[in-house]
Amino acid sequence: AQTVTQSQPEMSVQEAETVTLSCTYDTSENNYYLFWYKQPPSRQMILVIRQEAYKQQNATENRFSVNFQKAAKSFSLKISDSQLGDTAMYFCAFMKHGGGGSNYKLTFGKGTLLTVNP
Amino acid sequence: GAVVSQHPSWVICKSGTSVKIECRSLDFQATTMFWYRQFPKQSLMLMATSNEGSKATYEQGVEKDKFLINHASLTLSTLTVTSAHPEDSSFYICSALPPGTTYEQYFGPGTRLTVT
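As you go down the protein sequences, you meet chains A and B in turn.
Under this note's numbering, the first sequence has 74 at position 6, and the numbering climbs by one with no breaks.
Under this note's numbering, the second sequence has 80 at position 67, and the numbering climbs by one with no breaks.
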């Protein structure tokens with residue numbers, strides 16, 4: 069079974085600054101996906117960024133980038149130029165690759181509550 | 014992007030009654046949908062995987078007879094909480110997996126269930 073650990077229950081950052089959220093995971097799988105999801109106060113889950121394990125290059129999406137260290141099983145999220153709208157709960161998640169159906173289920177970490185201060 | 018809806022968004026029911034929550038994929042067909050439960054300030058916990066035309070796959074510790082899942086069409090999955098009790102009060106979220114992709118789940122807005 070896979071486990072996802074987010075060791076920072078809460079973090080805060082000043083607007084326009086950079087913040088990094090940590091995530092580690094444990095798996096015996098070689099092929100998998102990693103995700104960061106954002107859940108704002110509306111509670112709608114929003115995909116922030118994804119990383120395929122077979123890709124060495126770190127994924128980036130505008131102000132969001134990841135530092136994926138496969139050997140260390142680490143997957144951190146860096147948010148640059150933080151904005152007030154980035155205030156949300158952030159969840160790191162793991163998904164196995166292939167096999168269909170329930171193999172595509174997500175395993176979530178406990179989340180990090182990020183507050184961006186003006 | 015793909016849109017998933019849930020109905021109702023909030024429901025209050027009395028202890029001992031049953032309540033049904035619908036999850037619909039509005040602009041795509043989904044052979045696989047997932048149901049999650051989220052307690053306040055906690056993470057999402059997968060309850061079951063819903064497969065169109067077949068029985069749902071429940072996670073360990075989830076009572077199949079209490080949380081009935083039906084995925085009768087490619088755009089609709091339902092979760093029925095039977096004989097609800099106050100401890101079933103929670104936020105229930107569904108997600109759907111569009112065809113042709115193996116990784117991106119689209120989430121519904123969630124349903125808040127309060128059992129009195």
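Glycine included, C-beta positions come from ideal geometry on N, C-alpha and C.
To which residues does DSSP link E129/A through a beta bridge? The residue you call residue 129/A lines up with position 61 of the first sequence. Its beta-bridge partners are F132/A.
My output table needs one value for Y63/A: the three-state DSSP class, helix, strand or coil. This structure does not reach residue 63/A, given that chain A is present from 69 up to 186, and the question cannot be answered.
For L87/B, name the three-state secondary structure that DSSP assigns. Sequence index remark: in the second sequence, residue 87/B carries index 74 (1-based). Reduced to three states, the DSSP call for L87/B is coil.
Could you check where the beta strand (DSSP E) with N64/B kicks off and where it finishes? For this step, residue 64/B is matched to residue 51 along the second sequence. Unbroken beta strand (DSSP E) run through N64/B: 57-64.
Y119/B, buried or exposed, once every other Cβ within 10 Å from all chains shown has been counted against 16: Numbered from 1 along the second sequence, position 106 holds the residue referred to as residue 119/B. Taking a 10 Å sphere around the C-beta of Y119/B, we find 16 or more other C-beta atoms and assign the residue as buried.
Where E97/A sits in the DSSP three-state scheme: The sequence position of residue 97/A within the first sequence is 29, counting from 1. Residue state for E97/A is assigned as coil, using DSSP reduced to three classes.
Give me the chain B residues within the contact set of Q112/A, using Cβ-Cβ distance strictly less than 8 Å, ordered along the chain. The sequence position of residue 112/A within the first sequence is 44, counting from 1. Contacts between Q112/A and chain B, judged by CB atoms closer than 8 Å, involve F120, P122, G123 in chain order.
Within the present structure, is the beta-carbon of P109/A separated from the nearest heavy atom of the ligand HEM by less than 7 Å? Only the bare structure without any ligand can be found here, which leaves the ligand HEM out of the picture.
Taking all protein chains shown into account, decide if D94/A is buried (16 or more other Cβ within 10 angstroms of its Cβ) or exposed. In the first sequence, residue 94/A corresponds to position 26, counting from 1. Residue environment for D94/A: exposed (fewer than 16 other C-beta atoms within 10 angstroms of its C-beta).
Exposed or buried, what is Y101/A when buried is set at 16 or more other beta-carbons lying within 10 Å of its beta-carbon? Reading the first sequence from its first residue, position 33 is the one you call residue 101/A. By the neighbour-count criterion, in which 16 or more other beta carbons inside 10 Å mark a residue as buried, Y101/A falls on the buried side.
Closer than 8 Å, CB to CB, is M163/A near chain B or not? Here the question's residue 163/A lines up with position 95 in the first sequence. Taking Cβ atoms only, chain B reaches closer than 8 Å to M163/A, which makes this a yes.
Counting along the chain, where does the beta strand (DSSP E) carrying F162/A start and finish? Position 94 of the first sequence, counted from the start, is the residue given in the question as residue 162/A. Residues 156-164.
Under a three-way DSSP split, which group does L182/A fall into? Reading the first sequence from its first residue, position 114 is the one you call residue 182/A. Here L182/A sits in strand by DSSP.
Please list, in chain order, all residues of the same chain as K79/B whose beta carbon is under 6 Å from its beta carbon, the five residues on each side excluded. Position 66 of the second sequence, counted from the start, is the residue given in the question as residue 79/B. The answer, listed in chain order, is T95.
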